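In order, the protein sequence lines correspond to chains P and L. First residue of the first sequence? That's 1 in UniProt numbering, and the numbers climb one at a time after it. First residue of the second sequence? That's 1 in UniProt numbering, and the numbers climb one at a time after it. Even glycine gets a Cβ: it sits at the ideal position worked out from N, Cα and C. Keep in mind that this is a model prediction, so the values were computed, not measured.
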Amino acid sequence: MTKALKIALYSSLTSIGILMLSLYFLFSPEKVNIFPKCPFYSITNLHCPGCGSQRAIHAFLHGDIWTALQYNFLIILAVAVLLYKAFLWLFPYRKKDKQERKNILYANATPWVVFALVILFWFLRNLPIEPFTYLAP
Amino acid sequence: MEIQKPPHPPNHLAMAIITTIMCCQITGIVSIVYASQVNSKYAVGDYDGAIRASENAKTWWIIGLVLGVLVYVGVFLIYGLALFGIASDTF
Chain P
1 MTKALKIALY SSLTSIGILM LSLYFLFSPE KVNIFPKCPF YSITNLHCPG
51 CGSQRAIHAF LHGDIWTALQ YNFLIILAVA VLLYKAFLWL FPYRKKDKQE
101 RKNILYANAT PWVVFALVIL FWFLRNLPIE PFTYLAP
Chain L
1 MEIQKPPHPP NHLAMAIITT IMCCQITGIV SIVYASQVNS KYAVGDYDGA
51 IRASENAKTW WIIGLVLGVL VYVGVFLIYG LALFGIASDT F
């Protein structure tokens, strides 16, 4: 990829991102139907691991973090991984011996833990029993 | 004598999680599985295999993202045009 193409790609992606975020800030996905519905939910009537994230983004942008988390708890996972990556990018070396930090995301078990969390969350949020109904959006 | 290890190829776990949550569980989960292969292959010294798994992980989250964006554009076009029609009728 040439440099000009890369700059064009990244700047258009950034502007799309800002546009989307402002749409999610201005309109509530619960009241306006300009946002797409989850195809998995439309077909099977079951919640997928991503169901509720549009409502969560709306709540999050309005500062309502607890409501946002109740729509989709996996957001914590995404935010945690992003923060961790930002941390590694800002501070790649350890202070005491100047060694490069180990990346936990590159450990053998990490992707499997994430995989298990997603599948477990998918399964549990569809159970109509008391403690698990809080996981549903 | 120890051979110098090549750098760990990116396993795209962050983007895999984000596509899983935001739009496309199926491709996102495939991407997570490939991310795990990147790590396990690199750990046993299969560096070429790790690079291939890394490419696959990247391909799958990009497929998910593109599908998601297509659905978004489609829905926005349909509802956007409908809203525009309503607006031009009332004013």
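Just tell me which of P/S53, P/K3 and P/A80 has its CA closest to the CA of P/K37.
Locating residue 37 of chain P in the first sequence gives position 37, counting from the first residue. If we check each option's Cα against that of P/K37, P/S53 comes out closest.
So, under 8 Å CB-CB, P/W122 and P/P49 are touching, yes? Tell me the CB distance rounded to an integer number of Å.
Working through the first sequence from its first residue, we reach residue 122 of chain P at position 122. Working through the first sequence from its first residue, we reach residue 49 of chain P at position 49. Right, their Cβ atoms sit about 5 Å apart.
Please confirm whether P/H58 and P/F25 have their CB atoms less than 9 Å apart.
Indexing the first sequence from 1 puts residue 58 of chain P at position 58. Indexing the first sequence from 1 puts residue 25 of chain P at position 25. Yes.
Alpha carbons only, please: which of P/K3, P/N45, P/L83 and P/A86 is nearest the one belonging to P/A136?
Against the first sequence, residue 136 of chain P aligns to sequence position 136. Of P/K3, P/N45, P/L83 and P/A86, the residue nearest in Cα terms is P/N45.
Using beta carbons (cut-off 9 Å, strictly below), is P/L53 in contact with chain L?
Taking the first residue of the first sequence as 1, we reach residue 53 of chain P at position 53. In the sequence as displayed, the identity of residue 53 of chain P is Ser instead of Leu. With 9 Å as the cut-off, P/S53 counts as an interface residue toward chain L.
Who are the Cβ neighbours of L/Q71 in its own chain at under 8 Å, not counting the five residues just before and after it?
Along the second sequence, one-based indexing puts residue 71 of chain L at 71. The question names Gln, but residue 71 of chain L is Val in the sequence shown. Around L/V71: C23.
Report all residues from its chain with a CB closer than 8 Å to the CB of P/F27; omit the five preceding and five following residues, and keep chain order.
Reading the first sequence from its first residue, position 27 is the one you call residue 27 of chain P. Closer than 8 Å at Cβ, skipping near neighbours: I34, F35 and H58.
Residues of chain L with CB under 7 Å from P/Y106, in chain order?
Here residue 106 of chain P corresponds to residue number 106 of the first sequence, with the count starting at 1. Ordered by position in chain L, the residues that pass the 7 Å Cβ test against P/Y106 are H8, N11 and N39.
Using a Cβ cut-off of 9 Å, which residues of the stretch 96-129 of chain P contact any Cβ in chain L, in chain order?
Correct list: N103, L105, Y106, A107, N108, A109, T110, P111, W112, V114, F115, V118, I119 and W122.
Quick check on P/Y134: does DSSP put it in helix, strand or coil?
On the first sequence, position 134 is the one that residue 134 of chain P refers to. P/Y134 falls in the coil class under three-state DSSP.
Taking 8 Å as the threshold, find out whether the stretch 31-43 of chain L comes into contact with the stretch 3-17 of chain P through three or more Cβ pairs.
Too few Cβ pairs lie closer than 8 Å, so no.
Which stretch, first to last residue, makes up the alpha helix (DSSP H) that contains P/K3?
Residue numbering aside, residue 3 of chain P sits at position 3 when the first sequence is read from its first letter. It spans K3 to L26 - the alpha helix (DSSP H) in which P/K3 sits, taken as one unbroken run.
Report yes if the CB atom of P/V118 is closer than 9 Å to the CB atom of L/G64, and no otherwise.
Working through the first sequence from its first residue, we reach residue 118 of chain P at position 118. Working through the second sequence from its first residue, we reach residue 64 of chain L at position 64. No.
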